[in-house]
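Asks: Okay, so the sequence shown: first residue is 64 according to my numbering, each after it adds one.
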Amino acid sequence: MNNFKISLFLIGWFLVFFCHSQVVIGTYYSKVFVGRGEEKIVGVDSVYMNTLILEDGAKLKFAKNSILIVKNAFIGENCELSSAGLNGFDGKFQNQLDGGHGEDGKHLILIINFKKLGNLKISTNGGSGGKGALGSPGYNGEPGSNGGDGQKGGHGGNGGNGGDLTLIYYCEGFTPTFNGSQKGRHSIQLDYFGGEGGIAGRGGPAGRGGPPPKRIEYLNGVKRVIIEGPAGKNGWKGVDGSHGMRGRDGELIFRRSD
């Protein structure tokens, strides 16, 4: 098969996507090159590339829900196409205790003719929720006073939802493997999962009760320590925060175009 064929069904799908995204004409690139270990960001929602070259360790990131059509793709080792969401921020002690929510992954529709394929990761994962911060400790009591209770720990942020991932591909002379079924060359990892919820922050430690109140007297030059009451009680440990919820997985569609 010399030409990269797209079925009428896929063309219709392509046009529907354009209609919904209110894009009339996609962005065309004759050649896109991403060097070894480099990263480039696609900021438009519909892209047609005549030639895409990703050298080893290269990454192409998508800032929006996007459709990408590539007529000739040359993919090196450990490359990545990603619209994954950002992770939420971790809570901060005595400041913003709750962790931030993970960002949702963007939806991707990819129609690619692989001329060369090392190994490629495609990710629409949601970002992980940030960790909740440790609650502040309770204060220590003055003599005869009870210690303070620890502050409640911060809540973990919720994970972002995974973006939907559609991959329609063609490759001549080799058959790719998917998701670790056979590691090495000609392999593709498809990740479209919800982000993990953030870990709950622990409650702050209890404050210690104050020592027994006392006074000191001197009688005939002899020092006497007189206890005037009981020691204070320790406070209570703060309640732990709650773990964040895991994000929803995206939907996956992938097939080979014959």
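Note that CB positions come from ideal geometry on N, CA and C, so glycine has one too.
Okay, do the stretch 180-193 and the stretch 277-287 touch, 3+ Cβ pairs below 8 angstroms being the bar?
Replies: With the cut-off at 8 angstroms, the stretch 180-193 and the stretch 277-287 do not touch.
Asks: Span of the beta strand (DSSP E) holding Ser93?
Replies: As a first step, residue 93 must be located in the sequence shown, where it is residue number 30. Run containing Ser93: Thr90 to Val97, per the beta strand (DSSP E) assignment.
Asks: For a quick check, are the C-beta atoms of Gly226 and Leu171 less than 9 angstroms apart?
Replies: To locate residue 226, count along the sequence shown from 1; it is residue 163. To locate residue 171, count along the sequence shown from 1; it is residue 108. In contact: Gly226 and Leu171 (Cβ atoms closer than 9 angstroms).
Asks: Would you tell me roughly how many angstroms separate the C-alpha atoms of Gly313 and Ile130, rounded to the nearest one?
Replies: As a first step, residue 313 is located in the sequence shown; it is residue number 250 there, counting from the start. As a first step, residue 130 is located in the sequence shown; it is residue number 67 there, counting from the start. Cα to Cα, the separation comes out at about 16 angstroms.
Asks: Taking DSSP's pairing of strands, which residues face Leu315 in a bridge?
Replies: By one-based count along the sequence shown, residue 315 stands at place 252. DSSP output for Leu315 lists Leu228 as bridge partner(s).
Asks: With a threshold of 8 angstroms, are at least 3 pairs of Cβ atoms found where one atom belongs to the stretch 266-278 and the other to the stretch 295-314?
Replies: At 8 angstroms Cβ cutoff, the stretches touch.
Asks: According to the neighbour-count rule (16 or more other Cβ atoms, all chains shown, within 10 Å of its Cβ), is Ile289 buried or exposed?
Replies: Locating residue 289 in the sequence shown gives position 226, counting from the first residue. When all chains shown are included, Ile289 counts as exposed.
Asks: What number of angstroms, rounded off, separates the C-alpha of Gly151 from the C-alpha of Glu166?
Replies: Within the sequence shown, numbered from 1, the residue matching residue 151 stands at position 88. Within the sequence shown, numbered from 1, the residue matching residue 166 stands at position 103. Taking the straight line from one Cα to the other gives about 7 angstroms.
Asks: Between Asn242 and Gly217, what straight-line distance do the alpha-carbon atoms span, to the nearest angstrom?
Replies: Counted from its first residue, the sequence shown places residue 242 at position 179. Counted from its first residue, the sequence shown places residue 217 at position 154. Cα to Cα, Asn242 sits roughly 36 angstroms from Gly217.
Asks: Rounded to whole angstroms, what's the CA-CA distance from Val97 to Lys215? Just pull it up for me.
Replies: To locate residue 97, count along the sequence shown from 1; it is residue 34. To locate residue 215, count along the sequence shown from 1; it is residue 152. Roughly 48 angstroms separates the two Cα atoms.
Asks: Met112 by DSSP, collapsed to three states: which one?
Replies: Your numbering for residue 112 matches position 49 in the sequence shown. The answer is strand: DSSP assigns Met112 an E or B state.
Asks: Who are the Cβ neighbours of Gln157 in its own chain at under 7 angstroms, not counting the five residues just before and after it?
Replies: Walking along the sequence shown from the start, residue 157 turns up at place 94. If we look at Gln157 and ignore the five residues flanking it on each side, its Cβ neighbours are Ser199.
Asks: Roughly how far, in whole angstroms, is the beta-carbon of Lys169 from the beta-carbon of Asp254, given that I think they are within contact range, below 8 angstroms?
Replies: For the purposes of this step, residue 169 is taken as the residue at position 106 of the sequence shown. For the purposes of this step, residue 254 is taken as the residue at position 191 of the sequence shown. With a Cβ gap of about 13 angstroms, Lys169 and Asp254 do not count as contacting.
Asks: For Met308, which residues from the same chain have a beta carbon less than 6 angstroms from its beta carbon, with the 5 sequence-adjacent residues on both sides left out?
Replies: The count along the sequence shown starts at 1 and reaches residue 308 at position 245. Same-chain partners within the cutoff: Asn221 and Gly260.
Asks: So what does DSSP say about Val285, is it helix, strand or coil?
Replies: Looking up residue 285 in the sequence shown gives position 222. Here Val285 sits in strand by DSSP.
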